[in-house]
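Peer 1: Mind having a look at this structure? Questions to follow.
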Amino acid sequence: MVGEGDSDNGGGDDDHQVGIATKARAKPKKPSQFKVLMLNDDYTPMEFVVLVLKRFFHMDLEQATRVMLHVHQKGVGVCGIFPYEIAETKVNQVMDFARQNQHPLQCTLEKA
Ligand code: TYC
């Protein structure tokens, strides 16, 4: 039985609106951002960290060297800030690459 309220999304013959709510949020939220952090350790070669920063964070040699030395001296540094899924992918890529090369380099996420 098809009555007027059964049409898929109303708005046909009268002002009744029946169907899936499509109203936008009053305040759409920006996707939250996450910092990708690199941690210092005593064993990973400096050159390897520089390579990681160039390969996965698209830094040039100068930037990569600056960030690596910051991490070496301070213990932690920011490689970049991304939406969650991209940040998580970067962390996994860095950790996999470090593991493949038998370095203990650690990388993690933190809400920006
Ligand atoms: N501390 C390491 C060394 O002296 C270099 C290093 C820098 C390691 C940054 C990790 O995230 C890191 N070989």
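In UniProt numbering, the protein residues as written are 1 to 112.
Glycine is no exception: its CB is placed at the ideal position from the N, C-alpha and C atoms.
1) Would you say the beta carbon of residue 96 comes nearer than 7 Å to a heavy atom of ligand 1?
2) Is residue 102 helix, strand or coil by DSSP?
3) Less than 8 Å between the beta carbons of residue 67 and residue 75, yes or no?
4) If you scan the segment 36–73 from start to end, which runs of the beta strand (DSSP E) of 3 or more residues do you find wholly inside it?
5) Heavy atom of ligand 1 less than 7 Å from the Cβ of residue 59, yes or no?
6) If distances are taken between C-alpha atoms only, which option among 33, 39 and 104 comes closest to residue 69?
7) Using only CA atoms, which one of 112, 102 and 100 lies nearest to residue 79?
8) Pull the bridge partners of residue 34 from the DSSP assignment, please.
9) From residue 81 to residue 35, what distance separates their C-alpha atoms?
10) Ligand 1 heavy atoms versus the CB of residue 40: any closer than 7 Å?
Peer 2: Per the coordinate set shown:
1) Taking the sequence shown and counting its residues from 1, the one referred to as residue 96 is at position 96. Result no, Cβ not under 7 Å from ligand 1.
2) Taking the first residue of the sequence shown as 1, we reach residue 102 at position 102. The answer is coil: DSSP assigns residue 102 none of H, G, I, E or B.
3) Stepping through the sequence shown from its first residue, residue 67 is reached at position 67. Stepping through the sequence shown from its first residue, residue 75 is reached at position 75. Contact: no.
4) none
5) Here residue 59 refers to the residue found at position 59 of the sequence shown. Every heavy atom of ligand 1 is 7 Å or more from the Cβ of residue 59, so no.
6) Residue mapping note: residue 69 aligns to position 69 of the sequence shown, counting from 1. Checked all of 33, 39 and 104; the closest Cα to residue 69 is 39.
7) Taking the sequence shown and counting its residues from 1, one reaches residue 79 at position 79. It is 112 whose Cα lies nearest to the Cα of residue 79.
8) Translated into the one-based positions of the sequence shown, residue 34 becomes position 34. DSSP lists 82 and 111 as partners of residue 34.
9) Within the sequence shown, the letter at position 81 stands for residue 81. Within the sequence shown, the letter at position 35 stands for residue 35. Using only the alpha carbons, I get a separation of about 4 Å.
10) Locating residue 40 in the sequence shown gives position 40, counting from the first residue. Answer for residue 40: yes, Cβ within range of ligand 1.
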